[in-house]
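> Under full-length UniProt numbering, the residue at position 56 of the sequence shown is numbered 56, and the numbers go up by one with no gaps.
Structure below; questions to follow.
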Amino acid sequence: MKWARALAYNGAYERPLPFVMPETERRSFFMLHIGCHLSSSKGFAAMGETARGIKADTFAFFTRNPRGSKAKAFDPKDADLFKKAWAPYGTVPLVAHAPYTLNPCSTKEEVRQFALETIADDLHKLEALPGNYYNMHPGNHLGQGAEIGIELIAACLNRVLYEKQQTTLLLETMAGKGTEVGRSFEEIRAILERIALQDKVGVCLDTCHIWDAGYDIVSDLDGVIREFDRVIGLSRLKAIHLNDSKNPLGAHKDRHEKIGEGMIGQVALSRVVRHPSLAGLPFILETPNELSGYAHEIDMMRQEAAK
Numbered sequence: 001m002k003w004a005r006a007l008a009y010n011g012a013y014e015r016p017l018p019f020v021m022p023e024t025e026r027r028s029f030f031m032l033h034i035g036c037h038l039s040s041s042k043g044f045a046a047m048g049e050t051a052r053g054i055k056a057d058t059f060a061f062f063t064r065n066p067r068g069s070k071a072k073a074f075d076p077k078d079a080d081l082f083k084k085a086w087a088p089y090g091t092v093p094l095v096a097h098a099p100y101t102l103n104p105c106s107t108k109e110e111v112r113q114f115a116l117e118t119i120a121d122d123l124h125k126l127e128a129l130p131g132n133y134y135n136m137h138p139g140n141h142l143g144q145g146a147e148i149g150i151e152l153i154a155a156c157l158n159r160v161l162y163e164k165q166q167t168t169l170l171l172e173t174m175a176g177k178g179t180e181v182g183r184s185f186e187e188i189r190a191i192l193e194r195i196a197l198q199d200k201v202g203v204c205l206d207t208c209h210i211w212d213a214g215y216d217i218v219s220d221l222d223g224v225i226r227e228f229d230r231v232i233g234l235s236r237l238k239a240i241h242l243n244d245s246k247n248p249l250g251a252h253k254d255r256h257e258k259i260g261e262g263m264i265g266q267v268a269l270s271r272v273v274r275h276p277s278l279a280g281l282p283f284i285l286e287t288p289n290e291l292s293g294y295a296h297e298i299d300m301m302r303q304e305a306a307k
């Protein structure tokens with residue numbers, strides 16, 4: 001049933017395929033690409049080994065201390081070693097994550113400048129691993145209002161993005177906690193449409209965040225995906241953060257939970273990984289887990305995706 005249903009789509013919402021794929025290509029096309037956040041403390045090669053050990057074919061990592069600013073010294077040899085070892089294994093992009101401390105729409109000039117310099121430095125380093133993603137939280141307007149926040153974020157990104165970069169910067173959908181910018185699809189779109197280099201930006205959709213923001217992916221997943229397509233466009237969607245939530249719909253809290261132990265639930269998240277409009281995207285788990293827990297969730301969601 002999965003193949004019959006899924007073959008009615010071609011990566012976009014309700015667009016019929018012009019041909020029937022061979023069986024081998026169907027298996028590859030609908031394989032769930034999934035991983036989790038891994039520690040980068042021992043380098044890229046070590047992350048690759050860890051990912052293979054838990055049967056992940058993609059993963060996420062922080063470019064530097066997520067709660068600070070310190071970055072590990074970049075080792076080109078380690079990056080080359082990783083690329084050679086990972087090439088036959090990973091077929092979808094990795095998702096680097098900017099530190100949480102960045103706020104390109106702060107009320108303070110020095111904080112905005114720190115965000116600009118950090119993003120620029122991270123993007124430069126990621127060129128050693130071309131073709132991957134750099135995900136960031138848009139920022140907090142701190143009472144200035146969303147419109148000013150959006151303008152400041154876009155201004156920052158227009159200064160750091162450049163023509164020859166091979167990394168796509170992703171804006172993450174947010175839960176709407178406090179003065180977060182990006183609490184709605186409209187706010188994400190407003191930032192994106194102000195970016196000069198349109199092909200260098202995309203979106204990472206976080207299931208916990210959009211649930212907490214009020215998008216009902218439990219009762220109306222199709223409707224939420226249609227809304228995303230209408231407002232932003234599915235062509236912009238590059239990655240999914242797959243998380244359950246500790247809170248009810250619209251709570252604006254942003255507290256992740258293990259798959260099946262939160263208010264979204266395993267059944268609804270299984271529909272997410274099986275949705276034909278999301279086929280082929282990297283799914284990243286950010287649940288409160290150790291490696292063994294991530295290995296279990298990866299296996300569980302692969303089984304759900306195959307149903």
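In this text, a Cβ means the ideal position worked out from N, Cα and C, and glycines have one as well.
For S277, is the classification buried or exposed, using 16 other Cβ atoms within 10 angstroms of its Cβ as the cut-off for buried?
S277 is buried by the Cβ-count criterion.
> When the Cα atoms are used, what is the spatial distance from E186 to L129?
The straight-line gap from Cα to Cα measures roughly 31 Å.
> Is the CB-CB distance between R302 and I34 below 8 Å?
Their beta carbons are under 8 Å apart, which means R302 touches I34 by this criterion.
> Among R236, V231 and T179, which one has its Cα closest to the Cα of G202?
Comparing Cα positions, the closest option is R236.
> According to DSSP, is A115 part of a helix, a strand, or is it coil?
Helix at A115.
> Grouping DSSP H, G and I as helix and E and B as strand, with all else coil, what is S292?
Residue state, collapsed to three classes: helix.
> Pick out whichever of A79, N103, D121 and G149 has its Cα sitting closest to the Cα of H137.
The option with the nearest alpha carbon to H137 is N103.
> Straight-line CA distance for P282 to H209?
Near 17 Å, if we compare the C-alpha coordinates of H209 and P282.
> Between which residues of its own chain and D299 is the CB-CB distance below 8 Å, once the five residues before and five after are set aside?
Excluding sequence neighbours, D299 sits near K55.
> Of the residues L81, A268, L221 and G182, which one's Cα is nearest the Cα of L152?
Answer by Cα proximity: G182.
> Give the DSSP bridge partners of S245, in chain order.
Beta-bridge pairing links S245 to H256.
> Is it the case that the Cβ atoms of I264 and S245 are separated by a distance below 8 Å?
For I264 and S245, yes; Cβs fall inside 8 Å.
> Could you pull out every unbroken alpha helix (DSSP H) segment of at least 4 residues lying fully inside the region 183–228, listed in chain order?
Fully enclosed alpha helix (DSSP H) runs of 4 or longer: 185–192 and 207–213.
> Short of 8 Å in beta carbon distance, which residues of its chain neighbour V273, apart from the five on each side in sequence? Order them along the chain.
Around V273: L32, I34, L242, F283, M301, E304 and A305.
> Assign residue 323 to one of two classes, buried (16 or more other C-beta atoms within 10 Å of its C-beta) or exposed (fewer than that).
The question about residue 323 has no answer, for the chain in this structure spans 1 to 307.
> Can you tell me whether P88 is helix, strand or coil according to DSSP?
Three-state result, P88: coil.
> From the DSSP output, which residues share a beta bridge with H33?
DSSP lists P282 as partners of H33.
> In whole angstroms, what is the alpha-carbon distance linking R189 and I119?
When rounded, the distance between both Cα atoms is 20 Å.
> To the nearest angstrom, how far is it from the Cα of F30 to the Cα of D122?
Confidence at F30 is low in this model, with a pLDDT of 47, below 50, so the placement of that residue should be treated as unreliable; the coordinate-derived value is given next. The alpha-carbon atoms of F30 and D122 are separated by roughly 32 Å.
> Here's a check: name, in chain order, each residue in its chain whose Cβ is nearer than 7 Å to the Cβ of S28, leaving out the five neighbours to either side.
The predicted position of S28 is uncertain, since its pLDDT is 40 and thus under 50; no value can be drawn from it.
> Considering only residues of the same chain and omitting the five flanking positions on each side of A251, which have a CB-CB separation below 7 Å?
Cβ neighbours of A251 beyond the five flanking positions: D212.
> Should L205 be labelled buried (16 or more other beta-carbon atoms within 10 Å of its own) or exposed?
When all chains shown are included, L205 counts as buried.
> Looking at the strands, I want to know which residues DSSP matches up with V95.
V95 is bridged to A60 and Y133.
> Excluding the 5 residues flanking R271 on each side, which residues of the same chain have their C-beta closer than 6 Å to its C-beta?
These residues qualify, in order along the chain: L221.
> Using 10 angstroms around the beta-carbon of residue 312, count the other beta-carbons present and answer buried if the total reaches 16, otherwise exposed.
Limits of the chain in this structure are 1 at one end and 307 at the other, which puts residue 312 out of reach.
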